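Q: Quick one: the structure is below, questions incoming.
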Amino acid sequence: MDDWLIAIIKVVCIWVWVLLIAVVMTWVERRGAALIQDRPGPNRAGPWGLFQPLADGIKLFTKEEIIPTKAQKLLYIMGPLLFSVPAFSAYAVVPFGDKIILGGKEIILQVSDVNIGFLFILAIGSMAVYGVILGGWGSNNKYSILGGLRSTAQMVSYEVPLGLALLAIVFVYGTFSLRDISLAQQGTFLGFLPNWGIFKQPLGFILFIVAAYAEANRVPFDLPEAESEIVSGYHTEYGSMRLGLYLFGEYVNLVTISGVIVALYFGSWHMPYIDLGAYLGPISWGIVSFCIFFLKVSFFLWMFVWVRWTLPRFRYDQVMGLGWRGLIPLGLFNIFITALFIQLTV
Amino acid sequence: MAKPVVKKEYTLSERIYLWEILKGMKLTWGHFWFNFKACWRPGPHTIPTCWQYPEDRTREISPVFRGEHMLQKDDKGRETCIACGMCAKICPAKCITIKKGKRKEGEEDKYAAKTYPAAFEVDLLRCIFCGFCEDACPKNAIVLGQNFELARYTKEECILDKRKLLMNYRKAKEEGKLKPPRKRVPVVPAPPKPEKDEKADEGAEAKKGKPAVAGKAKKKPAEKAESNEKEE
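Protein chains in written order, with the numbering used here: chain A, 20 to 365; chain B, 284 to 515.
Right, dumping it as structure tokens:
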């Protein structure tokens, strides 16, 4: 009974937390974009415009829901759901802190520590393609279908380098579980570097982050919703809260991807050089580890915004060329090198 | 001539692209950080390129801005408009209506010339703010001021009558926002006419080259050319 209760509390808390981050991210994205472009951005609603996402949410909720007459109703309605439900569920296996001991009970700060770890994330991540392609198809609009097709091709091709980069991580740590990988990143590497994944897999990190940007449909790989070419891609025909779900799902995806990057490559909840867990009590360490983890996550979330307003969009053939001719050979090379090192050293 | 396109071979680091991305990100970070620091300054005008309009009205407007109209008065406080109707004639939107009135005895301190506009209406809903009326006015009476806040609640309010136009002038004078006297733009002189004598032709030709010389040659036959000059 207790386990169930704890599980439910964890699920609800992390769900609300991720939603909150996604909401704040919409504000950060707009303000960050504005500051980069030398303008103030939304600053009217509340202090520093912080209530802007709230206003946007109210607007999206109260707008009339319109289904285009020639749309395929079932697919049209299913699209946003199929996109956002995997986005929300993918965070289940990502840790958000070490552990906390409450009333003599050890609680792992992770919804479920499954031993297939990021295989689950890969599987759930590929599900998001359905939401995009079905939404694009069901809208019965040429721009939507173009966006949907682009996203399918792009997401399917970039899943391969993503998987290859993760495979090299499995070689290094010998496990799929994100918690075990996080635990293994304590201490130092070669005596002077923090024992983080990025120092063991520098090439793998670059591959992963590029593929992750493509998976999340973010600039410079935002071809599915390229405004200047295909209005707004697969969600051209969507309005009100259905559009909200798409946009929201995208930000939740960003949180998940940033969480995975931090857990795999940036030492999860570990501070470099200092093992705070040895000095703090069980409860305070739980809170501190949570804070450290999300500090790192927020940096990567900011990087998504930062890169978005720095780089122009790739051309479609360039995206495919980079994926198949650049990243996949590099991924195979990375696996080869990693395997060689492990064979020679272990 | 179009600039020839020079195709540049990319170096290896440029082709790998990652270093270039970092360089770009450094640039955007510079902008972000500058504006982020600017956000903490006191006052509504923090980011240099942006004016928070309703709160912050400190933005300078060009002295030759074409905003709401006004009718100017001369130094003695007399209305300068002579109701010649040139502004109404040239107005491409036909938004000016003038009714001429004759100055009576004892009104010399009120009107500068023998005629004055008994009614002067500018329809702001029609006006396109081209500034032709300003240019056509021989007495520099009608002027487009600096006020750009033209929203009104009714259509009637959008028609400026003479009282409002003079009020605009008074307001602009109090705020020190009067338009500086126009700089005369040299106009291409009229071609010399065949019936004029040699000297006039000379003058006109000289004027073509150097208008200053033509101004000095004050000959009677060249009166017409001179009057042109004056208008300029």
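Positions of the beta carbon are idealized from the N, C-alpha and C atoms, including for glycine. Every value quoted in this text rests on a predicted model; they were computed, and no experiment measured them.
1) Around the Cβ of Leu181 (chain A), are there at least 16 other Cβ atoms within 10 angstroms (buried) or fewer (exposed)?
2) Quick check on DSSP: helix, strand or coil for Gly360 (chain B)?
3) Do the CB positions of Val426 (chain B) and Met353 (chain B) come within less than 8 angstroms of each other?
4) Name the two residues that bound the continuous beta strand (DSSP E) containing Tyr192 (chain A).
5) What is the DSSP secondary structure of Tyr278 (chain B), reduced to helix, strand or coil?
6) When you compare the CB of Leu427 (chain B) with every CB in chain A, is at least one pair closer than 8 angstroms?
7) Is Thr311 (chain B) close to chain A, meaning its C-beta is less than 8 angstroms from at least one C-beta of that chain?
8) Give me the Cα-Cα distance between Glu458 (chain B) and Asn430 (chain B), rounded to the nearest whole angstrom.
9) For Ala424 (chain B), I'd like the list of residues in its chain whose CB is within less than 8 angstroms of its CB, leaving aside the five on either flank, ordered along the chain.
10) Let me check understanding here. Comparing Cα to Cα, which of A:Ser170, A:Ile33, A:Lys219, A:Pro99 lies closest to Gly263 (chain A)?
11) Which residue spans inside the stretch 61-148 of chain A form an unbroken beta strand (DSSP E) run of at least 3?
12) For Thr294 (chain B) and Leu301 (chain B), I'd like the C-alpha separation in whole angstroms.
13) Name the residues in the stretch 304-328 of chain A whose C-beta lies less than 9 angstroms from a C-beta of chain B; which are they?
14) Looking at the C-beta of Leu295 (chain B), does it have a partner C-beta in chain A at a distance below 8 angstroms?
15) Suppose you measure from the CA of Thr380 (chain B) to the CA of Gly166 (chain A); what does that come to, to the nearest Å?
16) Run the CB neighbour count on Ile135 (chain A), radius 10 Å, all protein chains shown included, and call it buried at 16 or more, exposed below.
17) Name the two residues that bound the continuous beta strand (DSSP E) containing Val316 (chain A).
18) DSSP three-state call for Lys382 (chain B): helix, strand or coil?
19) Comparing the C-beta of His314 (chain B) with each C-beta of chain A, is any distance below 8 angstroms?
20) Taking one C-beta from the stretch 274-285 of chain A and one from the stretch 307-326 of chain A each time, how about it: are there three or more such pairs within less than 8 angstroms?
21) Looking at C-beta atoms only, is the number of pairs between the stretch 153-165 of chain A and the stretch 119-134 of chain A that lie closer than 8 angstroms three or more?
22) Could you tell me the distance, in whole angstroms, from the CA atom of Lys219 (chain A) to the CA atom of Asp199 (chain A)?
23) So, Pro72 (chain A) versus Glu256 (chain A), is the Cβ gap smaller than 8 angstroms?
24) Output the distance between the C-alpha atoms of Val175 (chain A) and Gly300 (chain A), rounded to the nearest integer angstrom.
25) Could you list which residues in chain A have their beta carbon closer than 8 angstroms to that of Thr551 (chain B), in chain order?
26) Any beta-carbon of chain B closer than 8 angstroms to the one on Leu242 (chain A)?
27) Which class does Ile425 (chain B) belong to by DSSP, given the choice of helix, strand or coil?
28) On the three-state DSSP scale, how would you describe Ile442 (chain B)?
29) What three-state label does DSSP hand Thr207 (chain A) in the structure shown?
30) To the nearest angstrom, report how far apart Glu303 (chain B) and Thr81 (chain A) are at their CA atoms.
31) Answer yes or no: does any C-beta atom of chain B fall closer than 8 angstroms to that of Pro59 (chain A)?
32) Assuming Ala26 (chain A) is part of the alpha helix (DSSP H), what are its boundary residues?
33) From His328 (chain B) to Tyr336 (chain B), what does the alpha carbon distance come to, in whole angstroms?
34) Using the Cβ count rule (16 or more neighbours within 10 Å means buried), how would you classify Lys315 (chain A)?
A: Considering the structure as presented:
1) buried
2) coil
3) yes
4) Segment 161-192 is the alpha helix (DSSP H) holding Tyr192 (chain A); no beta strand (DSSP E) there.
5) There is simply no residue 278 (chain B) to check, as chain B begins at 284 and stops at 515 in what is shown.
6) no
7) yes
8) 11 angstroms
9) Leu354, Gln355, Glu362, Thr363, Cys364, Ile365
10) A:Pro99
11) 118-121, 124-127
12) 13 angstroms
13) Met322, Trp325, Val326, Trp328
14) no
15) 57 angstroms
16) exposed
17) From DSSP, Val316 (chain A) is part of no beta strand (DSSP E) but of the alpha helix (DSSP H) over 301-327.
18) strand
19) yes
20) yes
21) no
22) 16 angstroms
23) no
24) 45 angstroms
25) Nothing about residue 551 (chain B) can be read from this structure; chain B reaches only from 284 to 515.
26) no
27) strand
28) strand
29) strand
30) 44 angstroms
31) yes
32) 21-55
33) 9 angstroms
34) buried
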